Amino acid sequence: VTINSNLEKRIIAIINEHKKQTGEKGMISRRLTAKKIQDVYMALQGFSFKTEDIEEAMNNTILYGGDLHSALDWLCLNLSDDALPEGFSQQFGEEQQKTRARFRSPLPKSETPQVLNNKKKEDDGEKKVSTEKQKSISMKERILLYAEQQRIEEENESLKNSEEEKFDPNERYLHLAEKLVELK
Numbered sequence: 002v003t004i005n006s007n008l009e010k011r012i013i014a015i016i017n018e019h020k021k022q023t024g025e026k027g028m029i030s031r032r033l034t035a036k037k038i039q040d041v042y043m044a045l046q047g048f049s050f051k052t053e054d055i056e057e058a059m060n061n062t063i064l065y066g067g068d069l070h071s072a073l074d075w076l077c078l079n080l081s082d083d084a085l086p087e088g089f090s091q092q093f094g095e096e097q098q099k100t101r102a103r104f105r106s107p108l109p110k111s112e113t114p115q116v117l118n119n120k121k122k123e124d125d126g127e128k129k130v131s132t133e134k135q136k137s138i139s140m141k142e143r144i145l146l147y148a149e150q151q152r153i154e155e156e157n158e159s160l161k162n163s164e165e166e167k168f169d170p171n172e173r174y175l176h177l178a179e180k181l182v183e184l185k
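2 is the number of the first residue of the sequence shown in the numbering used here; add one for each residue after it.
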């Protein structure tokens, strides 16, 4: 892969000018710059972009300090869907279809599993839902249910902690001492 010598000189000049402005020492190696540009070019070519599109992207990004990611961003934003390689636009279209297919309205409150206040179930910490219901619940609803369960568990823990904080060993000692005196 060869790069137009005028373009290469312009890139090196811009990079050196930037270094002078920011106070960095040393000049950019022509060999290293050519290697970096070649790597970006080869990577974009590996994604099956057209040569003209790659050169245009590099002119608009690499000259201004961009890298492979900025060149890819530029290509995806500035090329039509038809001009993008097959994987780029096809994958985006599939993702759009998947998100549309997954969206459902929230379940009515009567269908959501209720958290029971039974002490045994609180100790276990497991909320059981039938497998049929689990399959019908969408990912969003599962996340919301999980978040709600976590919130309830945290509230229960904070209540237990506040009860423990209220426990005064001195009062307990006095109470037990009184009982002992009464029994004697």
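Glycine included, every Cβ here is placed at the ideal spot set by N, Cα and C. This one's a predicted model, so the numbers in the text were calculated from it and none came from an experiment.
In the same chain as THR62, and ignoring 5 residues on each side of it, the C-beta atoms closer than 7 Å to its own belong to SER71, ALA72 and TRP75, in chain order. PHE89 sits in a helix when the DSSP states are folded into three classes. Beyond the five residues adjoining it in sequence on each side, ILE15 comes within less than 7 Å, by CB distance, of LEU64 in the same chain, given in chain order. The beta carbon of ARG11 lies closer than 8 Å to those of LEU64 in the same chain, with the five residues before and after it left out. With 16 or more other CB atoms across the displayed protein chains lying within 10 angstroms of its CB, ALA58 is buried. If you draw a straight line from the Cα of ALA178 to the Cα of ILE153, it comes to about 38 Å. The three-state secondary structure of ASN17, taken from DSSP, is helix.
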